[in-house]
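Colleague: Sharing a structure, written as structure tokens. Questions coming.
In our numbering, the protein residues as written are 8 to 146.
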């Protein structure tokens, strides 16, 4: 009878991904302290696609309903996005960038690319492409 190999936390994908995420978040908050990574993701998606429903925005940024609501509420308080009732369905909120939100996103987009570069700085260009392709398959 063959025994299972011992469990090692260091060999677990969730643990390794969490450590990489923590490193990425630290770099991001050092270089772009005005917003969190989740807030920046919302600004980026709105800059890319234009106004959209809060529900759709949550799906487009991989956030559940409660999370996207909190993120949008904080961005509204910061004056970076605005919400309006959808004229076709008053129960639905449409979220849009404000001029300040667009300015903040565009002023930091290049820096956000540098965050990713620093996160992946131990990898060659080929390794980076391979990692991103593999992670995309798992996502």
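Beta carbons: idealized from backbone N, C-alpha and C, even for Gly.
With distance defined between alpha-carbon atoms, name the residue in 52, 39, 24 nearest to residue 115.
Modeller: 39
Colleague: Could you tell me the boundaries of the beta strand (DSSP E) in which residue 101 lies?
Modeller: Where residue 101 is concerned, the enclosing beta strand (DSSP E) starts and stops at 96-104.
Colleague: Just mark residue 64 as buried or exposed, buried being the case when its beta carbon has 16 or more other beta carbons within 10 Å.
Modeller: Buried, since its Cβ has 16 or more Cβ neighbours within 10 Å.
Colleague: Considering only their Cβ atoms, is the gap separating residue 90 from residue 34 smaller than 9 angstroms?
Modeller: Not in contact: residue 34 and residue 90 (Cβ atoms no closer than 9 angstroms).
Colleague: So, is the C-beta of residue 13 closer than 9 angstroms to a C-beta in chain D?
Modeller: The structure shown contains no chain D, having only a single protein chain.
Colleague: At what residues does the beta strand (DSSP E) containing residue 17 begin and finish?
Modeller: That residue, residue 17, is in no beta strand (DSSP E); it is neither H nor E in DSSP.
Colleague: If you reduce the DSSP assignment to three classes, tell me which class residue 68 lands in.
Modeller: Reduced to three states, the DSSP call for residue 68 is coil.
Colleague: Considering only residues of the same chain and omitting the five flanking positions on each side of residue 46, which have a CB-CB separation below 7 angstroms?
Modeller: 78, 81, 82
Colleague: Going by beta carbon distance, what residues of the same chain come within less than 8 angstroms of residue 105, once the five residues before and after it are set aside?
Modeller: 86, 87, 88, 89
Colleague: Who are the Cβ neighbours of residue 57 in its own chain at under 8 angstroms, not counting the five residues just before and after it?
Modeller: Same-chain partners within the cutoff: 103.
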